[in-house]
Amino acid sequence: MQTQEQQLRGKVALVTGAGRGIGRAIALAYARHGAAVCCAARSLGQVEETAARIAAEGGRALAVSTDVADFASVERMVSETEQAFGGIDIVVINAGVGGGQQPVEASDPQTWRTTIEVNLIGAYHCAKAAMPALKRRGAGKIIAVGSGLGQRGVAGVSDYACSKAGLAMLTRVLAQELAPAGISVNQLIPGPVVTQMTGARMARDTFAGEWAKSPEDVVPLALFLAAQPEPGPSGQSFSLMRRDA
Ligand SMILES: NC(=O)c1ccc[n+]([C@@H]2O[C@H](COP(=O)([O-])OP(=O)(O)OC[C@H]3O[C@@H](n4cnc5c(N)ncnc54)[C@H](OP(=O)(O)O)[C@@H]3O)[C@@H](O)[C@H]2O)c1
-17 MQTQEQQLRG KVALVTGAGR GIGRAIALAY ARHGAAVCCA ARSLGQVEET AARIAAEGGR
43 ALAVSTDVAD FASVERMVSE TEQAFGGIDI VVINAGVGGG QQPVEASDPQ TWRTTIEVNL
103 IGAYHCAKAA MPALKRRGAG KIIAVGSGLG QRGVAGVSDY ACSKAGLAML TRVLAQELAP
163 AGISVNQLIP GPVVTQMTGA RMARDTFAGE WAKSPEDVVP LALFLAAQPE PGPSGQSFSL
223 MRRDA
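Now the structure itself:
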């Protein structure tokens, strides 16, 4: 795998939700820029497909079936990545679900709980499990994929919006806790991207005034954050949106 400038040469990246959509685009891009990449999600076939594409281009990849809502599963993902590649430098906390898409009154409590368990507690699991590995490297980057919906109130997305609002705060807290270890933690807000998650929502006015991106449109910002020279920014939110979140 050759690119003109391999900004991530020698790095190891772990990308959750790498079986499709934004996570797959980021995993492929990081590999093209020289990183060895662990591709994780629940659907093993999908992450194996991402890893196979990386291998076909001459890159190094590992596919791991992981449920980020299950801490033991996340610990196994981290441990398998370290064993395969000798360490971890970059963690992209991207796995997520779109939530119930209902007003609170009509919402299903179990769906609401699951959204929080995947999008927020799953992010906490990934950061917590990866910390020792990042600290062993003496530096590192955590990139959390957030949402503008976590910053403004929109009817009908309470579970998703609350999960992403929590993720924004987790990013800021982690940035302070991990600064002494040289680990930066930032949030990447993609804005609307056409994926399996957004298929139905994209047509609604939730995204009025926005531009509909492909997953590949998120890659330049994801690369920028992963390739920042140390110490680099931390505790910040970087957005691809076109209006106030
Ligand atoms: N698309 C947008 O417009 C948009 C905008 C802002 C933010 N985001 C955020 O971007 C991230 C990626 O979304 P996407 O649009 O690319 O969605 P997507 O195409 O549906 O991909 C979601 C990925 O997350 C994985 N995932 C879901 N639940 C999981 C779990 N419990 N454990 C491990 N992996 C899990 C999925 O695989 P499995 O189902 O096989 O596990 C899949 O690989 C999400 O955090 C989303 O909130 C998206």
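Number 142 in my numbering belongs to position 160 of the sequence shown; there are no gaps in the numbering. Ideal placement from N, C-alpha and C gives every residue a C-beta, glycine not left out. For clarity, every value in this text was computed on a predicted model and none was experimentally measured.
Checklist entry - What is the C-beta distance between Ala33 and Ala43, in whole angstroms, given that I count them as a contact (C-beta under 8 angstroms)? => result 4 angstroms
Item to check | Gly148 - DSSP class collapsed to helix/strand/coil | outcome: helix
Item to check | Simplified DSSP state of Leu(-10), which is helix, strand or coil | outcome: coil
Item to check | Per-residue burial, Asp226 [other beta carbons within 10 Å of its own, 16 or more giving buried] | outcome: exposed
Checklist entry - How far does the alpha helix (DSSP H) with Ala88 in it reach, from first residue to last? => result Element bounds for Ala88: n/a, residue is neither H nor E.
Checklist entry - Going by C-alpha distance, which of Phe53, Val56, Gly5 is nearest Glu228? => result For the chain, the structure presents residues -17 to 227; residue 228 sits outside this window and is missing.
Checklist entry - Can you find a heavy atom of ligand 1 that lies under 7 angstroms from the Cβ of Arg224? => result no
Next on the checklist: On the criterion of 16 or more Cβ atoms from any shown chain inside 10 Å, does Ala194 qualify as buried, or is it exposed?
Outcome noted: exposed
Item to check | Cβ pair Pro172, Val201 closer than 8 angstroms | outcome: no
Checklist entry - Residue ranges of each beta strand (DSSP E) run of no fewer than 3 residues wholly in the stretch 186 to 226, ordered along the chain? => result 219 to 221
Next on the checklist: Looking at ligand 1, does it come within less than 7 angstroms of Ile4, judged from the CB to the closest heavy atom?
Outcome noted: yes
Checklist entry - Span of the alpha helix (DSSP H) holding Gly3? => result 3 to 14
Checklist entry - Three-state secondary structure (DSSP) at Ala115? => result helix
Checklist entry - Just checking, does the stretch 109 to 116 make contact with the stretch 85 to 99 on the three C-beta pairs under 8 angstroms criterion? => result no
Checklist entry - By the 10 Å Cβ neighbour count, where 16 or more other Cβ atoms means buried, how is Gln28 classified, buried or exposed? => result buried
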